[in-house]
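Visitor: Sharing a structure here in structure tokens format.
Number of protein chains: 2
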Amino acid sequence: MELSERKKQILRAVVENYIQTADPVGSKAIVASSGLKVSSATIRNEMAELENMGLLEQPHTSAGRIPSPKGYRLYVNELMEEHRLSMQEARKINDALNLKIREMDQVMTEAGKIISQLTKYPTFALTKGTKQAVITRYDLLMVEDNAFIAVLMTDTQAVKNKYFRLPSPVSQTQLQLLGTLLNTSFTGLTLAQLQPELARVSSHAAGEAYGPINLVVSFAMEVLEELESNVVHTAGIPTLLAHPEYQSLEKAEPLMNYLSEMGGETANLPVVQGENVRIVIGPENVADELKDSSVIMASYDIGGGMQGVIGVVGPTRMDYADLAARLSYFAEGLSRMFGKGEIPPPGGDGGDEEP
Amino acid sequence: MELSERKKQILRAVVENYIQTADPVGSKAIVASSGLKVSSATIRNEMAELENMGLLEQPHTSAGRIPSPKGYRLYVNELMEEHRLSMQEARKINDALNLKIREMDQVMTEAGKIISQLTKYPTFALTKGTKQAVITRYDLLMVEDNAFIAVLMTDTQAVKNKYFRLPSPVSQTQLQLLGTLLNTSFTGLTLAQLQPELARVSSHAAGEAYGPINLVVSFAMEVLEELESNVVHTAGIPTLLAHPEYQSLEKAEPLMNYLSEMGGETANLPVVQGENVRIVIGPENVADELKDSSVIMASYDIGGGMQGVIGVVGPTRMDYADLAARLSYFAEGLSRMFGKGEIPPPGGDGGDEEP
DNA sequence: TTTAGCACTCAATCTCCCTGAGTGCTAAAC
DNA sequence: GTTTAGCACTCAGGGAGATTGAGTGCTAAA
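Protein chains in written order, with our numbering: chain P, 2 to 356; chain L, 2 to 356.
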């Protein structure tokens, strides 16, 4: 099913026209915009054939044509030109990346907000562990004689802490002993391995030490659980309403609810690794709520076996080229940022390293 | 301007009818629902007077009456009955409070989500410091010879950490020295006081030590800044669309955008301390976007001079009694939770304290 | 002071009609 | 065989009445 050059030009013209105007594209408009030296009648004949092939469709008999999902797919795969970001776009994104960020979680949330502001579409962001995380180190800091702070480090470079208050006082030496025990017996273990190990050790351990151990190991398990669970952050959901395809509430509400409830849940999105940018068009989506919408997402490396995914959701009539370019640029920026292990210099405010 | 008993009954009937049906309330409906032994004509006369007083209004001549903001205000102040939560409502909230939570920030976010699910209204949540926080303690944990973790504690019991990588190796003793310096010179200072102190110390300190000090103190400043900034978390924004007053996009969109953009920004809401539940009706709101909506919020104590506020936003026709009851119950639960300093027992899974 | 009765008002809804953009088809031209 | 001009046809969108019905205000009697 190879398309003639002219059919390709017409398809491209329909897609690009429709992306801009959101109105069905008529034969005359094609003549005007495509630069083809034929009459509108010829275009009509060609469009009729494109419709038979399932690449275009008509909302009703006397309207122009709009691209079908299949048409979008062909456009994205073969016809779309690589988009370049303008300098100022790129600068905007660079500026956005130079924010004060500390925790992975915050990065996700912030990144989503920025992308949403930039694109005027709702975004979602999530992290995906490619392997199971383990705790590499425990530090216990005495606060008062019945309170301490546990600081945990994982092999993914995450550091988490928690404040513990105990029912009875503990001495500094007891705490040190506890720390040694934790570091020897409870490091390098996955979430699933921690529970049985806790049971094993508790049978040996002195009765007194067991309480605090249980507390800290439970905390360790929570931390690992959190790292492994793909919590989804969403942002900018109301931006949907600015787009004509979501002007009617019946269309907008289910999708908005879907996005809103997606937040916090484990991701159910078909995130494929390896690819940089991935475009899922209309009915290609698994979720019913997304059947009339498209999703564009980019993944980036966080290091330590973690991968981040950030994407935008919008009508099938999105500017795929533009969005794909922005997302992949942003994702590259994030990869770079995490790759360096440190945040790029904030620019101003004195040097960090020289006296 | 004292109202007759009958007028009060009529006003109450209008408000409560309208809260349920969202339709203007006619004189016959009042006769049916209020139990008053008079005819609809009498009610009409009374309602005309209530309208003159500014307590009721008519969307158009031939419609029933709806409460004016002033009418709602009177209802809330004088006529509203204290609402009791049903046992299962209370249990739901209690269950919701028994979640795994670690960081204040997470508590806010989670609490918002829960309330939104419970009430079907959008929620916002924020914390408010009643005084300026200070760092009480620094701990530096060596990771590798050119990397360490700084753990900071504040007087509000918050513990924050950050992983630092250095351009050149540091010895354990250097790190200890650094820790001592930090703990002696940079504790007990407010955000504003840290900057000049950093300048003062840096002139004395050995050149080598300055780099890491600068890093850690900058981090401390970020932490304090974050604690003092009232970041607002929002949840459940799309639930707005389920309510008849936001069926038209022109009404819904500005409010949704307002709420969405409020997230992350410093709060601009008139949060008054001391009161438990606060109700702001329609035009009483300062923000233009809220002039047609009402806000119900409850505050709770977090301890350490921090106060949390959680609220819902909805049409002026909200069930004030019901929502106020739920919010205040929830807020009490949170206060209790923070007051204990520990999370209530998760129920199951073995005891924490006994061997 | 209350009630019954009646004329009046007005949002909401429906129907009908018109308009215009755009199509498909046919027959002629290239 | 391909392209073009011409024409009849279709149909969403929008505006102009017409209809409905809930609810009111007012008046006169109880």
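Every residue, glycine too, gets a C-beta built ideally from N, C-alpha and C.
Output the distance between the C-alpha atoms of L51 (chain P) and D302 (chain P), rounded to the nearest integer angstrom.
Guide: 41 Å
Visitor: Output the residue ranges of the beta strand (DSSP E) runs that lie fully inside the stretch 196-252 of chain P and measure 3 residues or longer, sorted by chain position.
Guide: 233-236
Visitor: Could you name the residues that DSSP lists as bridge partners for F149 (chain P)?
Guide: P:M143 and P:F165
Visitor: Please state whether DSSP places R66 (chain L) in a helix, a strand or coil.
Guide: If DSSP states are grouped into helix, strand and coil, R66 (chain L) belongs with the strands.
Visitor: In terms of residues, what are the limits of the beta strand (DSSP E) holding D302 (chain P)?
Guide: Segment S294 to G304, the beta strand (DSSP E) holding D302 (chain P).
Visitor: Beta-carbon within less than 7 Å of A64 (chain P)'s beta-carbon, same chain only, minus the 5 sequence neighbours each way: which residues are those?
Guide: P25
Visitor: Shortest alpha-carbon distance to P60 (chain P) belongs to which of P:A23, P:S34, P:L256 and P:A33?
Guide: Considering only alpha carbons, the answer is P:A23.
Visitor: Counting C-beta neighbours from all protein chains within 10 Å, is the total for V287 (chain P) 16 or more, i.e. buried, or is it exposed?
Guide: exposed
Visitor: State the DSSP-derived secondary structure class of F331 (chain L), mapped to helix, strand or coil.
Guide: helix
Visitor: Would you call the stretch 254-262 of chain P and the stretch 290-297 of chain P touching, i.e. three or more CB-CB distances under 8 Å?
Guide: yes
Visitor: Do G315 (chain L) and A236 (chain L) come within 8 Å of each other at the CB atom, strictly closer than that value?
Guide: no
Visitor: Could you check which residue in P:M263, P:M81, P:M222 and P:L216 has the C-alpha nearest to that of I238 (chain P)?
Guide: P:M263
Visitor: Assign K57 (chain P) to one of three DSSP states: helix, strand, or coil.
Guide: Here residue 57 (chain P) turns out to be Leu, not Lys, going by the sequence shown. Correct three-state label for L57 (chain P): strand.
Visitor: Hey, is M143 (chain P) close to the ligand NAP, as in C-beta under 7 Å from one of its heavy atoms?
Guide: Within the structure as shown, the ligand NAP is missing, as the structure has no ligands at all.
Visitor: If I'm right that A148 (chain L) touches R166 (chain L) with Cβ under 8 Å, what's the distance once you round it to whole angstroms?
Guide: Right, their Cβ atoms sit about 5 Å apart.
Visitor: Assuming contact is defined by CB atoms lying nearer than 8 Å, are V171 (chain P) and D146 (chain P) in contact in what I supplied?
Guide: yes
Visitor: What are the residues of the stretch 164-183 of chain P that lie near chain L, defined by any Cβ-Cβ distance shorter than 7 Å?
Guide: Y164, R166 and P168
Visitor: In terms of DSSP beta bridges, what is I311 (chain P) paired with?
Guide: When DSSP reads this structure, I311 (chain P) sits in a beta bridge with P:A126 and P:A299.
Visitor: In this structure, what does DSSP give as the bridge partners for P316 (chain L)?
Guide: P316 (chain L) pairs with L:S294.
Visitor: For N258 (chain L), which residues in chain P fall below 7 Å Cβ to Cβ?
Guide: P239
Visitor: Hey, out of L:L260, L:G304, L:M298 and L:V313, whose CA is closest to D289 (chain L)'s CA?
Guide: L:L260
Visitor: Hey, is N162 (chain L)'s beta-carbon within less than 8 Å of any beta-carbon in chain P?
Guide: yes
Visitor: Rounding to the nearest angstrom, what Cα-Cα distance links E111 (chain L) and E333 (chain L) in this structure?
Guide: 16 Å
Visitor: In whole angstroms, what is the alpha-carbon distance linking R201 (chain P) and L86 (chain P)?
Guide: Computed Cα separation, rounded: 58 Å.
Visitor: I want to see whether chain L comes within less than 8 Å of D353 (chain P), judged by CB atoms only; does it?
Guide: No answer about D353 (chain P) holds up, because its pLDDT of 32 lies below 50 and its placement is not dependable.
Visitor: For the beta strand (DSSP E) containing V15 (chain P), list its first residue and its last residue.
Guide: That residue, V15 (chain P), is in no beta strand (DSSP E); its alpha helix (DSSP H) goes E6 to T22.
Visitor: What separation, rounded to the nearest whole angstrom, lies between the Cα atoms of S117 (chain L) and G212 (chain L)?
Guide: 46 Å
Visitor: Name the chain L residues that come within less than 9 Å of L242 (chain P), Cβ to Cβ?
Guide: L250, A253, E254, M257 and N258
Visitor: Using 8 Å as the limit for Cβ to Cβ distance, is I11 (chain L) near chain P?
Guide: No, its Cβ sits nowhere closer than 8 Å to a Cβ of chain P.
Visitor: Under a three-way DSSP split, which group does D350 (chain P) fall into?
Guide: Its pLDDT being 32, under 50, D350 (chain P) is placed unreliably in this model, and the value from its coordinates should be taken loosely. Three-state DSSP puts D350 (chain P) in coil, outside helix and strand.
Visitor: Do G189 (chain L) and L141 (chain L) have their CB atoms nearer than 8 Å?
Guide: Between G189 (chain L) and L141 (chain L), the gap from beta carbon to beta carbon reaches 8 Å or more.
Visitor: Can you confirm whether S230 (chain P), when its beta carbon is compared against all beta carbons of chain L, has any partner nearer than 8 Å?
Guide: no
Visitor: With a cut-off of 8 Å, does the C-beta of I116 (chain P) fall near any C-beta of chain L?
Guide: no
Visitor: Does the beta carbon of I150 (chain P) come closer than 8 Å to any beta carbon on chain L?
Guide: yes
Visitor: Would F187 (chain P) and I115 (chain P) be called neighbours here (beta carbons separated by less than 8 Å)?
Guide: no
Visitor: With H, G and I counted as helix, E and B as strand and the rest as coil, what does DSSP make of M105 (chain L)?
Guide: helix
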